[in-house]
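Letter 149 of the sequence shown, counting from 1, is numbered 150 in this note's numbering, and no numbers are missing. To start, the structure itself, in structure tokens.
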Amino acid sequence: MSGTTIFIIGLIAAALLAVAGVATIAGRRGPAPTSSVGDFDRRAARKDRARRKAEEQAVAAEVTEAETVAPPRAEPDLSDPLLERKEVSTNEYGVTRRKFLNRSLGTLFGIFLGQFALASLAFLWPKLGSGFGTPIAIGKFSDLKSQIEQPDGTSVPLFVAAAQSWVVPFDESSQAGSSFEGLPVVASDGSGTGLMALWQRCVHLGCRVPSCVSSQGFECPCHGSKYNLHGEYEAGPAPRNMDRFAVELDETGELVVLTGEVFQTARTTNKTAAYPQGPFCV
Ligand code: FES
2 MSGTTIFIIG
12 LIAAALLAVA
22 GVATIAGRRG
32 PAPTSSVGDF
42 DRRAARKDRA
52 RRKAEEQAVA
62 AEVTEAETVA
72 PPRAEPDLSD
82 PLLERKEVST
92 NEYGVTRRKF
102 LNRSLGTLFG
112 IFLGQFALAS
122 LAFLWPKLGS
132 GFGTPIAIGK
142 FSDLKSQIEQ
152 PDGTSVPLFV
162 AAAQSWVVPF
172 DESSQAGSSF
182 EGLPVVASDG
192 SGTGLMALWQ
202 RCVHLGCRVP
212 SCVSSQGFEC
222 PCHGSKYNLH
232 GEYEAGPAPR
242 NMDRFAVELD
252 ETGELVVLTG
262 EVFQTARTTN
272 KTAAYPQGPF
282 CV
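And the structure:
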């Protein structure tokens, strides 16, 4: 066999081997109807996972970039203050309410006591500015006398409400040796007949004593005590003469009754006025 024949035979054998190898490789990679589907799904799944992962990474990158550019917004405070109250137990709640009621009652009682104390103080406090308890000018001495002394020689006591007084005439010559000697209870204009201010309050139990023109005295309707025109005790349960105030004439000729200066005098048999001079009123 020549070399050319061997070369041709070798070339044909190599060609056959090549065809066989190609056929083998093609058979391995060629898609079989059943297995090709499974191979395709796994690859597609891998591709799909890879694609989703790439998309997620892209989204994450965008979010990171957005967070880097814009600062995160502060979350609004949605907490409820009522829910932050301190919880109080039932026992503590009862004590608190009891304390509240006790303190309220104590406060009201204190206010009541304070008002009562102020009202009592206001009632008992002497009125030093004006009114009863202070010197009160009740009119011109001459005017007062003319109202009291009547043309028929009788006297009608003049009541002055502001001074709570009965103003009566008084013979100054009878003061010496009487219950009123040395007391500033007679105001005089030098005419010999002065004026005296008797407290209208009965010295027995405090009733207002009216005058009795007919008897020319004062007769208490409560228990029947009687006093003459100068307030001297005459009858009844009264323990002493009627009380009287200090009086004086001011520079203008007005009679001033010092209602803060009260003089008490004892019963006496040395009377300065006749009584009764007519029918009793009581
Ligand atoms: S109060 Fe005047 S007699 Fe008793």
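Using N, Cα and C, we set each Cβ at its ideal position, and we do this for glycine too. Computed from a predicted model, the values in this text were never measured in an experiment.
Check	Outcome
Burial state of Leu-106, where buried means 16 or more other Cβ atoms lie within 10 Å	exposed
Asp-49 (DSSP reduced to helix, strand or coil)	helix
Which listed residue (Pro-136, Arg-268, Arg-245, Ala-46) has its alpha carbon closest to that of Phe-1	This structure cannot speak to residue 1, because the chain is shown only from 2 to 283.
Any non-hydrogen atom of the ligand FES closer than 6 Å to His-205 Cβ	yes
Ser-1 classed as buried or exposed, judged by whether at least 16 other C-beta atoms fall within 10 angstroms	Nothing about residue 1 can be read from this structure; the chain reaches only from 2 to 283.
CA nearest to the CA of Gly-1, picked from Glu-150, His-224, Thr-155, Gly-261	In this structure the chain extends from 2 to 283, so residue 1 is not present and cannot be described.
Start-to-end residues for the alpha helix (DSSP H) that takes in Phe-142	142-149
Nearest residue (CA-CA) to Ala-162, options Arg-202, Gln-217, Val-186	Arg-202
Stretch-stretch touch, CB-based, cutoff 8 Å, three pairs: the region 210-225 with the region 176-190	no
Inside the region 138-198 only - alpha helix (DSSP H) runs reaching at least 4 residues	142-149
Beta-carbon spacing of Asn-242, Glu-233 below 7 Å	yes
Backbone secondary structure at Thr-1 - three-state DSSP	Nothing about residue 1 can be reported from this structure: the residues present for the chain run from 2 to 283 only.
Residue from Arg-99, Ala-123, Trp-167 whose Cα sits closest to the Cα of Leu-256	Trp-167
For Gln-278, the three-state DSSP class (helix, strand or coil)	coil
Exposed unless 16 or more other CB atoms sit within 10 angstroms - verdict on Asn-103	exposed
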